[in-house]
Amino acid sequence: MSHKETSKGLGSMSPSKSENLIFSPLGFIFIVKQTFMYLMGIQTMNYTPNHCLFGLTIVLLGSRGVGKTCVGNTILGCKEHDGKRTVHSEVRHGSVDQTEVTVVDSPGWWKGFPAEDTPQAVKDEMQRSLFLCPPGPHVFLLVIDADTSFNAKHLDAVTSHVELLGEAVWKHTILVFSRGDWLRTSTIEEYIEGEGLALQSLIEQCENRYHVLNNKNAEEDTQVTELLEKITGTVAANAWQPFIPDQQIFMSLEKKRRSVEEGAILRQKLVQTQRNLLTGELDEDLKQSKSLCVFKNTYKKSLIELFVSV
């Protein structure tokens, strides 16, 4: 199998460059155009006339420390991992069993804590992951670790975060157990039964779609091949259509981005004005109106208006 052929693609960019690509005017136009073409049936689909997928887009979801990045590495057949926590959504590309695969790794939430306790920046990054593979991902891999107990608190945390992306996400979701080596001689079915109702409820939410990956035995080709078969089955069950994210989410994220940029510009102007004051180089208009204080008040007012408008 040739799932060693990987390239980082957008993932090789710094987080700021990835954000600029998505939320620049050109990036916005590209995403809108791609989605429009898809909805109008103009775009070439990611499957052949026989519905045999030759391109897959995958988004990884899960709490911190469950091994999302390792799952991505196992799928793509690579070992790159710098040990750092995923802060911004990152994209990588590779070839698995002659199938082009795009993997989007999203930042994780604190395990056991609901979405309301998660910083807004993390939730925004989770939502941004939807727009890194227009018109939308084929499947979501919800990663939980097999070496940790899963209770009702964890179920509430997972549910509240996943549904930030839209209720229809569950139809495209496969539950992936990382660190499958921890099971040892037990089967995954025995593990699920032993964990109780919380885990069983999550599996039911995913319509009994689950898979186990042994990250310590990433060279075992069959586990990735079997996962791809399950992914293909999930896409087929959804009439071969990817998940199309709500464009209102994108508009909201774009509005926040503009607000942050405008706030940064105002701060730069204030700093420059203060520097000019110290060097005696204030513009004539500022001198005449003594508008440094006015400018500060306007700056504060503008920031308040920006935050209120978000």
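Residue numbers (numbering that gives the first Met the number 0): 0 to 309.
All C-beta atoms in this analysis are idealised placements derived from N, C-alpha and C, irrespective of residue type, glycine included.
Notebook entry, point to check: Any idea which residues DSSP pairs residue 315 with across the strands?
Noted result: Here the chain comprises residues numbered 0 to 309, so residue 315 is not present and cannot be evaluated.
> Leaving out the 5 sequence neighbours to the left and right, which residues in its chain are closer than 8 Å to residue 154 when beta-carbon positions are compared?
Replying inline: 197, 198, 200 and 201
Residue 317 (DSSP reduced to helix, strand or coil): For residue 317 there is no data in the structure shown, the boundaries of the chain being 0 and 309.
>> Let's see if you can read the secondary structure: which residues bound the alpha helix (DSSP H) around residue 193?
In response: Where residue 193 is concerned, the enclosing alpha helix (DSSP H) stretches over 187 to 194.
Practice item. Please classify residue 88: is it buried, with 16 or more other beta-carbons within 10 angstroms of its beta-carbon, or exposed? Key: buried
>> Does residue 62 come out as helix, strand or coil in the three-state DSSP assignment?
In response: DSSP places residue 62 in strand when its eight states are reduced to three.
Length of the line joining the Cα atoms of residue 98 and residue 92: Spanning the two alpha carbons is a distance of roughly 11 Å.
Check each candidate in 59, 156 and 235 and name the one with the smallest Cα separation from residue 115. 156
First through last residue of the beta strand (DSSP E) which encompasses residue 210 = 209 to 211
- Query: How long is the line joining the alpha carbons of residue 63 and residue 56, rounded to whole angstroms?
  - Reply: 22 Å
Less than 8 Å between the CB atoms is what I'm expecting for residue 95 and residue 58, so what's the real figure, rounded? Going by Cβ atoms, the distance from residue 95 to residue 58 rounds to 16 Å, so no, they are not a contact pair.
*Kindly indicate the opening and closing residues of the alpha helix (DSSP H) around residue 180.*
Note, residue 180: premise wrong, no alpha helix (DSSP H); not H, not E.
I'd like to check one pair, residue 171 with residue 138: are the Cβ atoms closer than 8 Å? Yes; because the gap between Cβ atoms is below 8 Å, this pair is in contact.
Please give me, in chain order, every unbroken run of the beta strand (DSSP E) with length at least 3 that falls completely inside the segment 133 to 157.
138 to 144
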